[in-house]
Each structure stands twice: as structure tokens, then as C-alpha cells.
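Working notes, structure below.
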Amino acid sequence: MLRQDDPFKCTAAKLARFHLAEPVKFIRKNTVVLNPFSQTPVMKKDVEIADSVCAIDCSWERAHEVLKSRWLVSKGIARKLPAMLAANPTNYAKLGRLSSAEALAAALYILDEKKLAAEIMDKFKWGHTFLELNSNLLEDYANAETKEQIEQLEKEYFQQLA
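So the sequence shown is residues 2 to 163, counted in this note's numbering.
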């Protein structure tokens, strides 16, 4: 956690308090690192090459600077999340502006860890809204087998991405 946002609104800190996430100083090579600047989306088949998921908890205002930094590029397996709508109070219904908790839950759902994704979202009043708002998307992304299928789904759901 880089502590760039309001600590009372930090979803990653809340997950750590509930032992659903843990702060790390080093990213292992077999970790999916959620990075919106990656060219490759999270796909179910990533479970074959990774055993954990890492969300870099930083401010959206500084995301480009943080996520493009050299120490992240060489660590882990960089993956972006497919397009989804945020349900958190700060960015409600904004495309792709997910909180750390939403990002982790989405990645886990796609990686077939649906119970853990639901458990994470249960810690937030608005958590069920995220899963409901994106239920069809998450299911379709979880069933996609290729980058091209995910890109096609994004175009079908969000025509402005076409």
C-alpha cells in the first residue's frame, strides 16, 4: 500500500484488516500484477502460471507514474482487467475506475475464485453492487479463452471502446 489516498477510504487497508489481503514489499515472479497499462488481460488460464494476485494500491491520479515505474515492469505477470464498471462511492459507474478491492475481486472471479471474490466484496456496503453491476461481464470474461474473445466482449458491452 502506497498510502496515497484517504486511509479511511482505502479498500486495500480494509482487506488487510480482515486478513483477506496482505501488504507486500516484493512481488514474486509467479504473481499476477494488476496493471491497467498491460497489453494482456487477466484470463482464466493465468491460474496455470500464477499462484497469487497483486493489486498495487495507489491513487488513480498517480497510477500512470506508479504503474509505469521500472520496479513493477520487471516483477510478476502484468495483466490488465477487462473493462468493468466501478461500484465504489467515489467512482460509481465509471468505466475502469475500480478500487483495489474491486480489482482484486474481479481478477479472482475471472480466475475462478468466485467465493473469495464474493467474500472480499462482502466487506463493503456497496460490494454486492459491484458483483451485480458486472455479473454478466464477469461470467463472460471468466469463460473467455483468448485475448481476442475478451476484446470482442468489451466491444459488445461497451460500444464506446469499439
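No residue lacks a Cβ here, since even glycine has one placed at the ideal position from N, Cα and C.
Own chain residues within Cβ distance below 8 Å of residue i, not counting five before or after
i    : result
E50  : Residue identity check: residue 50 is Ile in the sequence provided, not Glu. Same-chain partners within the cutoff: N31, I78.
E146 : M44, K45, K46
C55  : V25, I28, T32, V33, V34, L35, G77
S53  : R29, N31, T32, V33
L154 : P83, L138, D141, Y142, A145
H129 : M122, D123
According to DSSP, residues forming a beta bridge with residue i
i   : result
R15 : The amino acid occupying residue 15 in the given sequence is Lys; Arg does not appear at that position. Beta-bridge pairing links K15 to no other residue.
L35 : A56, R80
L86 : L96
P42 : K81
Neighbour-count burial assignment, residue i, 16 or more Cβ in a 10 Å radius
i    : result
V25  : exposed
P83  : buried
S136 : exposed
N89  : buried
F131 : buried
R4   : Model confidence at R4 stands at a pLDDT of 44, short of 50, so the residue's coordinates are unreliable; what they give is reported in the following sentence. Exposed is the call here.
T12  : buried
E157 : exposed
Whether residue i touches residue j by CB criterion (8 Å)
i    : j   : result
K81  : N36 : yes
K126 : L21 : no
Cut-off 6 Å between Cβ atoms - residues of its own chain near residue i, not counting five sequence neighbours on either side
i    : result
A106 : A118, I121, M122
Q161 : none
S100 : T12, N89
Neighbourhood of residue i by C-beta, 7 Å cutoff - its chain only, sequence neighbours within 5 removed
i    : result
A143 : K45, Y110, I111, D113
Min CB distance residue i to chain C below 8 Å
i    : result
Y158 : Of the chains in the structure shown, none is chain C; there is only one protein chain.
Discussion item. Check whether the segment 90-97 and the segment 43-57 touch, using three or more Cβ-Cβ pairs below 8 Å as the test.
Written reply: With the rule of 3 Cβ pairs closer than 8 Å, the segment 90-97 does not count as touching the segment 43-57.
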